[in-house]
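Residue numbers (UniProt numbering): 1 to 232. C-beta: ideal position from N, C-alpha, C; glycine also. The model shown is predicted, which means the values in this text are computed figures rather than measured ones. Take a look at the structure set out below.
Have a look at this one:
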């Protein structure tokens, strides 16, 4: 029998949560590395180079957005935050710090596995983007090489940021609804999570627009969605 090839790091002080996640993912033939503190989690991510990270941000030694930024500093792997906090402001803060997803406790094994598989599929499917370049302003988006240049200099985008930009670039000039963008970038289960879009559109505007407060290219269609304007 072959060894599991997908490595997941779970960071949580609650050993019962860690056990629950490990058993659920072992049944899916995924290898789980456990960490009980934020420091252990950062060390495990740096050493194991996981395919995905699952982390509770309510830790005593290193919690909240500080933990997310520490994990992001050593890995670009998809990061799913687990938290008992359900307010939209908490979710936005986590996403703004670099998380890719947010799952409120308590949660079921089926939902966690579905989200993990969705992120892994999108991560692995990156090479299927058509070989095409899209230009707007002084920005060039190379969808084949997954590279973004602004004024000739490379712009670093997170995997989620690139997927969102790629979705807009593939349909440049067309209005894409909130639901469609959420489904394409995060999966159908996130159809109501419009705050995800607000956070990541804000990230893209800060990196790609001359004046992020008055965007000329990543344009909001109020109450409906977004479109990429001025592309050629």
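The continuous alpha helix (DSSP H) containing residue 65 extends over residues 64–74. Counting along the chain, the unbroken beta strand (DSSP E) around residue 150 starts and ends at 147–150. Non-local beta-carbon contacts of residue 160 in its own chain, meaning distances under 7 Å to residues more than five positions away in sequence, involve 100, 185 and 200 in chain order. The DSSP-derived three-state label of residue 141 is strand. Within the same chain, Cβ atoms closer than 7 Å to the Cβ of residue 7 are found at 31, 33, 48, 50 and 51, the five residues on either side in sequence being excluded. Nearest C-alpha to residue 144 among 85, 151, 166 and 104: 166.
Taking the C-beta atoms as reference points, residue 13 is found nearer than 8 Å to residue 36.
Scanning its chain for C-beta atoms nearer than 7 Å, with the 5 sequence neighbours on each side dropped, one finds around residue 24 the residues 109, 112 and 113, in chain order. At a cut-off of 4 residues, the continuous stretches assigned as alpha helix (DSSP H) that sit fully inside the UniProt domain "Response regulatory" (7–120) are 15–26, 38–48, 64–74 and 88–97.
Residue range 225–228 is occupied by the beta strand (DSSP E) that includes residue 228, with no alpha helix (DSSP H) assigned at that position.
Contact annotation: residue 21 and residue 57 have beta-carbon atoms that are not nearer than 8 Å. Exposed is the label assigned to residue 192, since fewer than 16 other Cβ atoms lie within 10 Å of its Cβ. The three-state secondary structure of residue 132, taken from DSSP, is coil. In the three-state scheme derived from DSSP, where H, G and I count as helix and E and B as strand, residue 176 is classed as strand. Rounded to whole angstroms, the gap between the alpha carbons of residue 88 and residue 64 is 15 Å. For residue 201, the enclosing alpha helix (DSSP H) starts and ends at 194–208.
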